Ligand SMILES: C[S@@+](CC[C@H](N)C(=O)[O-])C[C@H]1O[C@@H](n2cnc3c(N)ncnc32)[C@H](O)[C@@H]1O
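Below you can see the structure in the form of structure tokens.
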């Protein structure tokens with residue numbers, strides 16, 4: 001964690017994973033689940049590739065590689081549902097939620113850091129916020145959140161439980177020296193980690209603690225370098241490392257990742273992913289950060305259709321009554337969740353089940369999605385009063401496609417389709433403007 005390192009090349013990363021895999025096997029770990037548990041956050045497909053390399057080079061018995069692959073591709077494991085109180089996580093939010101155990105242990109660590117009482121700030125952690133609502137923590141709690149449908153649900157749950165949390169949006173300004181411990185879990189990319197760490201340092205009182213989850217060595221070639229860059233950056237913010245616990249934080253496998261892996265015919269155990277916990281003490285004052293957000297997602301609009309969260313990338317107005325959802329990958333589910341996948345750039349329609357599409361008319365897809373969401377809310381939405389018959393036909397066809405997608409994803413999730421009964425919420429994420437029935441007529 002001290003000397004600064006550069007990102008590993010793909011070859012060096014493969015060698016690192018091979019050495020770790022070989023050592024784990026020599027140590028008796030020969031099942032898919034045990035290997036994933038033993039290795040430092042190695043992605044399931046990377047593990048299988050490593051086993052193939054090791055078997056090819058006769059470093060391990062081919063039978064071991066074959067047996068692990070058989071376990072990995074057997075779709076028999078019962079799916080353990082994550083926290084069902086929140087909407088599904090969406091891949092564009094990079095939302096990996098902690099396991100309940102990890103949430104409790106993080107909250108315990110934060111209270112231990114503040115033995116004489118004090119205020120806790122949860123930052124970018126909606127799952128942890130929901131967990132905290134039901135626990136006897138004995139501290140004032142606040143939650144600094146993104147403005148999206150997940151936070152909306154946290155708001156509702158907070159109200160229903162007597163408002164133990166005070167909730168604020170990071171877009172409304174950042175808190176200053178107002179917490180004795182800050183728990184944050186930014187998406188594992190430096191363009192998120194840096195601004196969020198700066199905001200956390202700013203929000204923390206002198207002498208207080210900052211707890212962050214960062215990617216373990218096996219997560220990707222740049223994991224160790226990125227972690228070190230984050231620690232060096234934190235030091236410049238007045239934060240000094242007081243504890244480092246590799247692989248201490250467990251995560252649920254989100255539905256989008258389960259679908260991505262299933263598209264590659266891999267069925268991992270539900271809680272294989274772990275993060276490294278780094279704990280800092282704030283020993284010097286910090287300068288004010290300009291903002292906590294990275295520039296992503298500003299141009300995406302979110303619409304809820306049943307449980308499916310559909311994100312549509314806005315574009316200029318297209319003057320056409322035609323719209324198609326064009327497949328970008330076989331079966332429509334992107335088989336990876338990595339931000340480095342180049343296919344992500346072509347997608348402008350994205351579901352919470354990791355289905356990606358390209359459309360030449362995002363505006364019309366959005367109108368169709370809003371009409372589906374309106375139906376689910378019990379209103380009959382008029383997409384446009386002056387549209388042509390052709391346009392109405394297109395809207396009806398696209399709406400039917402979207403409803404079918406939502407039904408498929410509910411089935412994949414292991415639930416009975418419930419589009420007509422579940423209340424949907426839809427809004428724009430690019431601003432604080434919410435979509436509602438009164439804004440349902442969109443000029444075409
Ligand atoms: C890896 S997830 C962490 C979820 C956490 N493990 C939990 O269980 O609550 C990253 C989260 O950071 C949130 N996020 C990203 N940028 C943010 C920002 N500027 N302010 C607040 N939250 C942000 C995302 O919406 C997402 O929920």
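Numbering (the working numbering), first residue to last: 1 to 444. The C-beta atom is built at its ideal place from N, Cα and C for all residues, glycine as well. As the structure is a computational prediction, the values presented were derived from the model and not from experiment.
Shown here, residue 93 sits in a helix according to DSSP, grouped into three states. Residue side-chain check: residue 374 keeps its Cβ at 7 Å or more from all non-hydrogen atoms of ligand 1. Distance from residue 238 to residue 271 at the Cβ level is roughly 34 Å; contact not present, criterion being Cβ atoms closer than 8 Å. Taking C-beta atoms as the reference points, residue 175 and residue 197 fail to come closer than 8 Å.
In the displayed model, residue 309 falls within a strand according to three-state DSSP. Taking a cut-off of 8 Å for Cβ pairs, the segment 27-45 and the segment 259-268 touch, as three or more such pairs fall below it. Residue range 239-250 is occupied by the beta strand (DSSP E) that includes residue 240, with no alpha helix (DSSP H) assigned at that position. Looking at the DSSP output, residue 358 shares a beta bridge with 326.
As the crow flies, the alpha-carbon of residue 86 is around 12 Å from that of residue 158. Taken through DSSP and simplified to helix, strand or coil, residue 15 comes out as helix. Separation of residue 17 and residue 218 (C-alpha to C-alpha, rounded to the nearest whole angstrom) is 7 Å.
Checking the 7 Å criterion, the Cβ of residue 94 is within range of a heavy atom belonging to ligand 1. According to the DSSP assignment, residue 211 belongs to the beta strand (DSSP E) that extends over 204-214. Look at residue 353 here: in three-state DSSP terms it is coil, with no helix or strand label.
Judged by pairs of C-beta atoms under 8 Å, the segment 306-320 does not touch the segment 61-75, as fewer than three such pairs exist.
Between residue 216 and residue 223, the beta carbon gap of about 6 Å places them in contact (Cβ cut-off 8 Å). In the structure shown, residue 218 falls within a helical segment according to DSSP collapsed to helix, strand and coil.
Using a Cβ distance threshold of 8 Å, residue 234 and residue 192 do not count as a contacting pair.
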